[in-house]
Amino acid sequence: MQSLRNFLRLPAVGAIVACVLWSGAFVFIKIGVQYLPPLQFAGIRFTIAGLLILPLAYRGTGATSPRSFLRHLTHRPGQMLTLGVFQIGMKYACFYMSLMFIPAAMAAILGGAGPIIIALVAHFMQPDDRLTPRKIVALIGGALGVIVLTLGRRDLGAVGEWAVLGILLSLTNNLITAFGDIWVKRESTHTPSTVISSLSLIFGGLALLLVGWAVEGIHPLPTATPFYVSLAILCTISAGGFSLWFNLLQRPDVEVSTLNMWKFLIPLVGAILAWIMMPDEHPTWVALLGMLFIIASLMVLQRTFHRLRALLAR
Numbered sequence: 067m068q069s070l071r072n073f074l075r076l077p078a079v080g081a082i083v084a085c086v087l088w089s090g091a092f093v094f095i096k097i098g099v100q101y102l103p104p105l106q107f108a109g110i111r112f113t114i115a116g117l118l119i120l121p122l123a124y125r126g127t128g129a130t131s132p133r134s135f136l137r138h139l140t141h142r143p144g145q146m147l148t149l150g151v152f153q154i155g156m157k158y159a160c161f162y163m164s165l166m167f168i169p170a171a172m173a174a175i176l177g178g179a180g181p182i183i184i185a186l187v188a189h190f191m192q193p194d195d196r197l198t199p200r201k202i203v204a205l206i207g208g209a210l211g212v213i214v215l216t217l218g219r220r221d222l223g224a225v226g227e228w229a230v231l232g233i234l235l236s237l238t239n240n241l242i243t244a245f246g247d248i249w250v251k252r253e254s255t256h257t258p259s260t261v262i263s264s265l266s267l268i269f270g271g272l273a274l275l276l277v278g279w280a281v282e283g284i285h286p287l288p289t290a291t292p293f294y295v296s297l298a299i300l301c302t303i304s305a306g307g308f309s310l311w312f313n314l315l316q317r318p319d320v321e322v323s324t325l326n327m328w329k330f331l332i333p334l335v336g337a338i339l340a341w342i343m344m345p346d347e348h349p350t351w352v353a354l355l356g357m358l359f360i361i362a363s364l365m366v367l368q369r370t371f372h373r374l375r376a377l378l379a380r
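For the sequence shown, position 6 matches number 72 in the numbering used here, and the numbering has no gaps at all.
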């Protein structure tokens, strides 16, 4: 039992669980945006997810009463508001707006560059999070895997005259993620991770709602059951994924760059789920080759090959 607990506490296990959760979001987002515009749908989703985390935040602060819990929530309001608006609000606004100007396949490839950008930013901003030859090999292999996997599933698609804007928005999304994750890492001495995840989701969700109302117009909530099923699942995914991710970021033995490399799993698991759940999606040899690149890069990251060689040498 103790060995199982130690295994579950491994950062790699938590990162895999979070990435698998986020991978499942795309199918349900496709359902939800059929009934409500994307920014408003995302705003409702993140606001509710943040509220779902509040009970965990209450326990995490060790508060003895609602009043003492409120003091914890308002301890650093400016920082929480800033993180929520940028890390959740602006990040997802950039992501959804980029899809208006570039094909989904190109967006997926640019998303695959995220761990590389985050590793570069962390290298210069975090003195204890430097690039190493092992990380560089894993980053190149993972990014190549995402490109091969994406092009193996669909054509790149036509690129319009506003493609440069879409590319800039997608890269901005990656930069916001990098700075946001580093901020959460540095905030670990001041605020519990559950408080950070709860408040940032609430503030970010409300910001997305306001932007959505301004850009998309105010739309009434639909009455269709599939909308609320997809919303409930997405709220659960967001609450679980962000709580776990922010908790991992605050651990002293976890590097921002290494943790984000596990995001190479998101397109891999997303493709598998699409092949299972969507009748028009089928695996191809090229896509499977891309998956092998991703798996190999993560094995390099975790020194799996070195451990296997040592095991076989016994």
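Where is the CB? At the ideal position from N, CA and C, for every residue including glycine.
- For residue 141, the secondary structure class from DSSP, reduced to helix, strand or coil, is coil.
- Residue 344 is classed as exposed because its beta carbon has fewer than 16 other beta carbons within 10 Å across all chains shown.
- Within its own chain, the residues whose Cβ lies closer than 7 angstroms to the Cβ of residue 117, once the five positions on either side in sequence are excluded, are 268, listed in chain order.
- Using a 10 angstroms sphere on the CB of residue 321, the tally of other CB atoms reaches 16 or more, which defines it as buried.
- Annotated three-state conformation of residue 283 is coil, per DSSP.
- The C-beta distance from residue 214 to residue 352 rounds to 6 angstroms, short enough to meet the 8 angstroms contact threshold.
- Across the structure, residue 347 and residue 199 are spaced so that their CA atoms are roughly 36 angstroms apart.
- Fewer than three beta-carbon pairs drawn from the segment 101-119 and the segment 349-364 are found closer than 8 angstroms, and the two stretches are therefore not classed as touching.
- Between the segment 137-154 and the segment 323-333 there are fewer than three C-beta pairs closer than 8 angstroms, too few to call the two in contact.
- Of the candidates 156, 313, 170, 334, the residue whose Cα lies closest to the Cα of residue 77 is 313.
- Around the C-beta of residue 291, fewer than 16 other C-beta atoms lie within 10 Å, and the residue is accordingly described as exposed.
- The shortest CA-to-CA distance from residue 126 to any of 260, 311, 288 is the one to 260.
- Residues 111, 112, 115, 267 of the same chain have their beta carbon placed closer than 7 angstroms to that of residue 304, with the five preceding and five following residues left out of the count.
- When Cβ pairs closer than 8 angstroms are counted between the two stretches, the segment 202-219 is seen not to touch the segment 141-160, the count staying below three.
- A direct Cα-Cα distance of roughly 5 angstroms separates residue 254 from residue 316.
- Secondary structure of residue 167 (DSSP, three-state): coil.
- Comparing alpha-carbon positions, the option among 342, 362, 310, 167 lying closest to residue 88 turns out to be 310.
- By the C-beta density criterion, residue 195 is buried, having at least 16 other C-beta atoms within 10 angstroms.
- A distance below 9 angstroms separates the beta carbons of residue 147 and residue 265.
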